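Trainee: Mind looking over this structure? Questions follow.
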Amino acid sequence: MTDNIALQPVRHKKRHDNKHRNSCCPWSRCCGMRDFKPRTVWLGHPEKRNQRYPRNVINNQKYNFFTFLPGVLFNQFKYFFNLYFLLLACSQFVPELRLGALYTYWVPLGFVLIVTIGREAVEEIRCFIRDKEVNSQIYSKLSTRGTVKVKSSGIQVGDLIIVEKNQRVPADMIFLRTSEKNGSCFLRTDQLDGETDWKLRLPVACTQRLPTAADLLQSRSFVYAEEPNIDIHNFIGTFTREDGDPPVNESLSIENALWANTVIASGTVVGVVIYTGKELRSVMNTSNPRNKIGLFDLEVNCLTKILFGALVVVSLVMVALQHFAGRWYLQILRFILLFSNIVPISLRVNLDMGKMVYSWMIRRDSKIPGTVVKASTIPEQLGRISYLLTDKTGTLTQNEMVFRRLHLGTVAYGMDSMDEVQSHVFSAYTQPSHDLPASRAPAATKVRKSISSRVHDAVKAIALCHNVTPVYESNGVTDQAEAEQHYEDACRVYQASSPDEVALVQWTESVGLTLVGRDQASMQLRTPGGQILNFTILQIFPFTYESRRMGIIVRDDSSGEIAFYMKGADVVMAGIVQYNDWLEEECGNMAREGLRVLVVAKKLLSEEQYQDFEARYVQAKLSVHDRSLKVATVIESLEMEMELLCLTGVEDQLQTDVRPTLETLRNAGIKVWMLTGDKLETATCTAKNAHLVTRTQDIHVFRQVTTRGEAHLELNAFRRKHDCALVISGDSLEVCLKFYEYEFMELACQCPTVVCCRCAPTQKAQIVRLLQQRTGKLTCAVGDGGNDVSMIQEADCGVGVEGKEGKQASLAADFSVTEFKHLGRLLMVHGRNSYKRSAALSQFVIHRSLCISTMQAVFSSVFYFASIPLYQGFLIIGYSTLYTMFPVFSLVLDKDVKSEVAMLYPELYKDLLKGRPLSFKTFLLWVLISIYQGSIIMYGALLLFESEFVHVVAISFTSLILTELLMVALTIQTWHWLMIVAELLSLACYIASLVFLHEFIDVYFLTTLSFLWKVTVITLVSCLPLYILKYLRRRFSPPSYSKLTS
53 MTDNIALQPV RHKKRHDNKH RNSCCPWSRC CGMRDFKPRT VWLGHPEKRN QRYPRNVINN
113 QKYNFFTFLP GVLFNQFKYF FNLYFLLLAC SQFVPELRLG ALYTYWVPLG FVLIVTIGRE
173 AVEEIRCFIR DKEVNSQIYS KLSTRGTVKV KSSGIQVGDL IIVEKNQRVP ADMIFLRTSE
233 KNGSCFLRTD QLDGETDWKL RLPVACTQRL PTAADLLQSR SFVYAEEPNI DIHNFIGTFT
293 REDGDPPVNE SLSIENALWA NTVIASGTVV GVVIYTGKEL RSVMNTSNPR NKIGLFDLEV
353 NCLTKILFGA LVVVSLVMVA LQHFAGRWYL QILRFILLFS NIVPISLRVN LDMGKMVYSW
413 MIRRDSKIPG TVVKASTIPE QLGRISYLLT DKTGTLTQNE MVFRRLHLGT VAYGMDSMDE
473 VQSHVFSAYT QPSHDLPASR APAATKVRKS ISSRVHDAVK AIALCHNVTP VYESNGVTDQ
533 AEAEQHYEDA CRVYQASSPD EVALVQWTES VGLTLVGRDQ ASMQLRTPGG QILNFTILQI
593 FPFTYESRRM GIIVRDDSSG EIAFYMKGAD VVMAGIVQYN DWLEEECGNM AREGLRVLVV
653 AKKLLSEEQY QDFEARYVQA KLSVHDRSLK VATVIESLEM EMELLCLTGV EDQLQTDVRP
713 TLETLRNAGI KVWMLTGDKL ETATCTAKNA HLVTRTQDIH VFRQVTTRGE AHLELNAFRR
773 KHDCALVISG DSLEVCLKFY EYEFMELACQ CPTVVCCRCA PTQKAQIVRL LQQRTGKLTC
833 AVGDGGNDVS MIQEADCGVG VEGKEGKQAS LAADFSVTEF KHLGRLLMVH GRNSYKRSAA
893 LSQFVIHRSL CISTMQAVFS SVFYFASIPL YQGFLIIGYS TLYTMFPVFS LVLDKDVKSE
953 VAMLYPELYK DLLKGRPLSF KTFLLWVLIS IYQGSIIMYG ALLLFESEFV HVVAISFTSL
1013 ILTELLMVAL TIQTWHWLMI VAELLSLACY IASLVFLHEF IDVYFLTTLS FLWKVTVITL
1073 VSCLPLYILK YLRRRFSPPS YSKLTS
């Protein structure tokens, strides 16, 4: 059990504070953060402010011009490894401690620093360019001089900004005016909260009534806004116009707010800026990017500390054996410098260059085109992921809704039978029911007619029960006014707060009943024959998360018939519709297919019933106390014994190959959690559809809890479930984490899958942080929207998907991919190879240094513990660079299995989660090999040399070089042509350089037969036993991958 102890560094808790968020000015890290206060903002008069507001600048850089060099150097030298070499190099300025030329210490250290500073500089410049792009976007501003252009970074609190359709909102604003006739606008908020539903926003009523936008500057008006906070779903404020008669006071809510990073989906809007820079809701919901240090680097750092301990012990032993004679403290320092090779400086250089090679390989992989490596310091992290946390919309799904199924109870229509629905709708409007009296109709016709009318009722209900507005745009041939007048199909687009609703309305259009017009009071449908049906909208009951249904009451203008239509989730609709025996079963069947199911129902109302309802409804809406409860009670009085018309099944199409990718990750031992801002039903459907939850697994939906007691009961209920996927909402999660953090995380970590819905961006980051703290395992976060940035930056490894929600996530991520399916290859192939290669490389560099240090120790002990170096000047630098660097570094090209095999057998990845490639066991093994080989070479050279000491140097150094080259060959599992070139090149370099090394080596002695046989014998004795052991191990205890390659 204890054979392989993976090195797990202690994780320190990171302090996170909502008030210390992304800075919006380069100096904010230096100056203190002030408290946020409410504000009074005068329209169009930024100068009338009672406090200082931050500049509207986005800044994602880690350093500025002045802090770059000190910051990078501090980040380098705060680690023991680099600080040690700095002190080592500085010690050579002291005459008593100098052991050789200064360049032998300063050149390697300088090279390491130049590589690091260069890499950081490139990343900072890229970040600066991306930020400048966003800050330089041009907007229109209303001023006393008319409309002027202003950069996003130049916008101030109080400015009146014009935002066009499909343009990003540059700052948090209050919505004052819109160009839309219906006096409202739609907003895309997917970059902020992850929800693809378009949100309806309403302007301030008295500013919308003004004749022109310029009149806003003439009015004496101000907005009182609450202090900035992170709540993106609520806002409290008031609008006051002082020069009105009488003065106007209006309350402001979230319906009047336009948050930054949302996109205007309809019309042109005018708003007054209330928050900028670091006070923006989107910025306050983004945590500071942290400097990510890989677990592998921490483990290597831990090993170097052990090696340093060994170095001090060896030095003390050497001085102790001299009985601490003379200036023994100087002798200790000289021995520390003499054995400084025990801690190899080339380790950092090799690993950093290796990371660059891995990053280059990822970018050049044709199987995952478009993949970008942003953080080249952590590719090894990809090989040890235990938890994958993924967004849903745009990451697992394409964010495209497609209508799949219409179910009437006795008959169901799929994609292949929509022509039947079309014919039923066509016949309903072209063959009036009185043409064929029921008494004369045969039985078959009666049945057919019955189904035909049921289909027609269902399609009509779907075409009327929604919040969709058709909008007409000019298409180059027809202008907007003409298109609107003639209901031109080519110019029409649908706008709605939900892509589901658009999919339903597009489907009714495809079967013949088209929504052609809508305003706040009426709706127009066009029949297959071209006839326009007019309906008056009497009441709308919008969808809410609590009610999980939406309803509409309409009057048919031609017949005067009043109908109440409703659609909603099956769990709430089951108690509203008349008794039936098929609803529950069919909803379950459709949900198992991954469809989002809606139940559609209808109720006819008489004029008296409606008037009675309306009177009670208006009365309830005027009440001050318990308004929402009273309104809900009145509506519920209608929601009884409704006629069940149909079920609809809509599918949010998954990204290509999501299912096999998730299957691969699961087989690799990675647990997948889905964190989404979407609704519970939608999230559950997607989890089933993507096979995130397997067919055999139960799903435990954690019910809504608000108190400690409720949370306790629900956790106990969940504890009794086994091998069960958990679905929980953000509100319930917050309560559980507040009172039972440890218990909840313990239970959640045992689940095969966890789905968190209605998650705020900061909550996503909090879950990642808790997973890291509770499990100590590595996490990877995947997302594509601005709402995923916090999660991506908090995770050990952040992957951004470039999708329809923009590039915000991919810009903030460590790795950027174009499709979710590329994640499989990124982890299984590149992550696995990077980790295994770096593990082999680091251990080999340590072995190389320990070999020469062992030889130095043997040499010093033989010559009366003298602190004299065995190899001088260029020999010591050439050993770790020119003579062995190429073959050792060629290990970054090594692989145990082909990439196709790694993808086919993801179980190979699971082996790496135990950290076996680099553990105390493997480290100890390489230490023993180094001591054995160093001792054999040195003792062999001392035994076999004849007359001159210079022959010892020649024999031992040549044997050492040959041993290193043979050990590289022993370690390699798959030969690459560059590896052979590296081996031959190194040998050639050594032979060629002998001409210049006559100061250290007797060149004539090298040509003698005596030299050749001595070197051959020593090299064979040092390497042959290891080759035999490797053969026996492969023969009788082969590793898992060798069974696949044989």
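With positions in the sequence shown counted from 1, the corresponding number in my numbering is that position plus 52. Where is the CB? At the ideal position from N, CA and C, for every residue including glycine. Just so it is clear, the structure is predicted and the values come from calculations on it, not from any experiment.
#1: Measuring alpha carbon to alpha carbon, tell me which residue in Glu307, Lys723, Arg379 and Gly361 is nearest Trp250.
#2: So the beta strand (DSSP E) Ile604 belongs to, where does it begin and stop?
#3: Return the chain-ordered list of same chain residues with a C-beta closer than 6 Å to the C-beta of Gly206, the five sequence neighbours on each side being excluded.
#4: So what does DSSP say about Tyr131, is it helix, strand or coil?
#5: Please state whether DSSP places Ser1089 in a helix, a strand or coil.
#6: Taking only the alpha-carbon atoms, compute the straight-line gap between Asp963 and Gly406 and give it to the nearest angstrom.
#7: If you drop the 5 nearest sequence neighbours on each side, which residues of the same chain put their C-beta closer than 6 Å to that of Arg578?
#8: Beta-carbon within less than 6 Å of Arg544's beta-carbon, same chain only, minus the 5 sequence neighbours each way: which residues are those?
#9: Give the straight-line distance between the Cα atoms of Thr259 and Gly640, rounded to the nearest whole angstrom.
#10: Rounded to whole angstroms, how far is the Cβ of Ile989 from the Cβ of Thr1015, which I believe are closer than 8 Å?
#11: Mapping the DSSP letters down to three states, classify Gly84 as helix, strand or coil.
#12: Residues in the same chain with beta-carbon distance under 7 Å from Thr196, minus the five sequence neighbours each way, listed in chain order, please.
#13: Could you have a look at Ala495 and say whether DSSP puts it in helix, strand or coil?
#14: For the beta strand (DSSP E) holding Ala277, just list the boundary residues, first then last.
#15: Which residues does DSSP list as the beta-bridge partners of Val227?
#16: Find the nearest neighbour of Arg240 within the set Glu232, Ala312, Pro298 and Phe274, judged by alpha-carbon distance.
#17: State the start and end residues of the unbroken beta strand (DSSP E) segment that holds Ile437.
#18: Determine the direct distance from the alpha carbon of Leu706 to that of Met453, and round the result to whole angstroms.
#19: Ends of the alpha helix (DSSP H) at Phe911?
#20: Shortest alpha-carbon distance to Arg400 belongs to which of Val806, Leu165 and Tyr276?
#21: What distance in whole Å lies between the Cβ atoms of Leu878 and Cys809, which are believed to be in contact at a cut-off of 8 Å?
#22: Given Arg91, which residues of its chain have a CB within under 6 Å of its CB, disregarding the five upstream and five downstream residues?
#23: Give the DSSP bridge partners of Lys251, in chain order.
#24: Taking the C-alpha atoms as reference points, what is the distance between Leu154 and Thr168?
#25: If I measure Cβ to Cβ from Arg711 and keep anything under 8 Å in the same chain, skipping five residues before and after, which residues do I get?
#26: Report, in whole angstroms, the separation of the C-beta atoms of Met797 and Leu822, which I expect to be a contact under 8 Å.
#27: Where Gln663 and Gln845 are concerned, what is the direct C-alpha to C-alpha distance, given to the nearest angstrom?
#28: For Ser987, which residues in the same chain have their Cβ closer than 7 Å to its Cβ, ignoring the five residues on either side in sequence?
#29: Take Gly466 and list the residues in its own chain whose beta-carbon comes closer than 8 Å to its own, dropping the five residues that flank it on each side.
#30: When DSSP labels each residue in this structure, what does Asn313 get in the three-state scheme?
#31: If you draw a straight line from the C-alpha of Val757 to the C-alpha of Glu795, how long is it?
#32: Can you say whether Trp1027 is buried or exposed, counting buried as having 16 or more other CB atoms within 10 angstroms of its CB?
#33: Excluding five sequence neighbours on each side, which residues of the same chain lie with their C-beta closer than 7 Å to the C-beta of Ser236?
#34: Do three or more CB pairs link the stretch 210-220 to the stretch 315-324 at distances below 8 Å?
#35: Using alpha carbons as the reference points, say which of Pro580, Val940, Ile1080 and Asp866 lies closest to Arg900.
#36: Comparing C-alpha positions only, which one of Ser1045, Tyr931, Tyr631 and Lys673 sits nearest to Thr685?
Mentor: In short:
#1: Measuring from the Cα of Trp250, the nearest candidate turns out to be Glu307.
#2: Secondary structure note for Ile604: its beta strand (DSSP E) is the uninterrupted segment Arg601 to Asp608.
#3: Leaving aside the five residues that flank Gly206 on each side, none in its chain has a CB nearer than 6 Å to its CB.
#4: The three-state reading of DSSP puts Tyr131 in coil, since its state is none of H, G, I, E or B.
#5: Looking at Ser1089 - three-state DSSP - the assignment turns out to be coil, as it is neither helix nor strand.
#6: Roughly 22 Å separates the two Cα atoms.
#7: Here the set comprises Thr566, Val568 and Ile584.
#8: Within the same chain, Cβ atoms closer than 6 Å to the Cβ of Arg544 are found at Pro522 and Tyr524, the five residues on either side in sequence being excluded.
#9: Looking at the two C-alpha atoms, the distance is approximately 49 Å.
#10: At roughly 7 Å, the Cβ-Cβ gap stays under 8 Å, so Ile989 and Thr1015 are in contact.
#11: The predicted model places Gly84 with a pLDDT of 38, which falls under 50 and marks its position as unreliable; any figure quoted below should be read in that light. Correct three-state label for Gly84: coil.
#12: Cβ neighbours of Thr196 within its own chain (closer than 7 Å, five residues either side excluded): Leu269.
#13: Confidence at Ala495 is low in this model, with a pLDDT of 41, below 50, so the placement of that residue is unreliable and no value is reported for it.
#14: Ala277 -> beta strand (DSSP E) spans Ser273 to Ala277.
#15: Contrary to the premise, residue 227 reads as Phe rather than Val in this sequence. Gly323, per the DSSP bridge assignment.
#16: Across the set Glu232, Ala312, Pro298 and Phe274, the C-alpha of Ala312 shows the shortest separation from the C-alpha of Arg240.
#17: Ile437 to Thr442 is the extent of the beta strand (DSSP E) around Ile437.
#18: As the crow flies, the alpha-carbon of Met453 is around 10 Å from that of Leu706.
#19: Unbroken alpha helix (DSSP H) run through Phe911: Arg884 to Val914.
#20: Checked all of Val806, Leu165 and Tyr276; the closest Cα to Arg400 is Leu165.
#21: In fact, because the Cβ distance is near 26 Å, the residues do not count as touching under 8 Å.
#22: Ala277.
#23: For Lys251, which the question treats as bridged, DSSP gives the partners Leu239.
#24: Cα to Cα, Leu154 sits roughly 22 Å from Thr168.
#25: Correct list, in chain order: Ala742 and His743.
#26: In this structure Met797 touches Leu822 by the C-beta definition: roughly 6 Å separates them, less than 8 Å.
#27: Here the alpha carbon of Gln663 sits roughly 56 Å from the alpha carbon of Gln845.
#28: Counting only residues of its own chain and dropping the five nearest sequence neighbours on each side, Ser987 has a CB closer than 7 Å to the CB of Thr906 and Val910.
#29: Cβ neighbours of Gly466 within its own chain (closer than 8 Å, five residues either side excluded): Arg456 and Arg457.
#30: Coil.
#31: So the alpha carbons of these two residues sit roughly 16 Å apart.
#32: By the neighbour-count rule (16 or more Cβ atoms within 10 Å), Trp1027 is not buried but exposed.
#33: Taking Ser236 as the centre and dropping the five residues before and after it, the same chain places the C-beta of Thr230, Leu252, Arg253 and Leu254 closer than 7 Å to its C-beta, in chain order.
#34: With the cut-off at 8 Å, the stretch 210-220 and the stretch 315-324 touch.
#35: Answer by Cα proximity: Val940.
#36: Cα-wise, what sits closest to Thr685 is Lys673.
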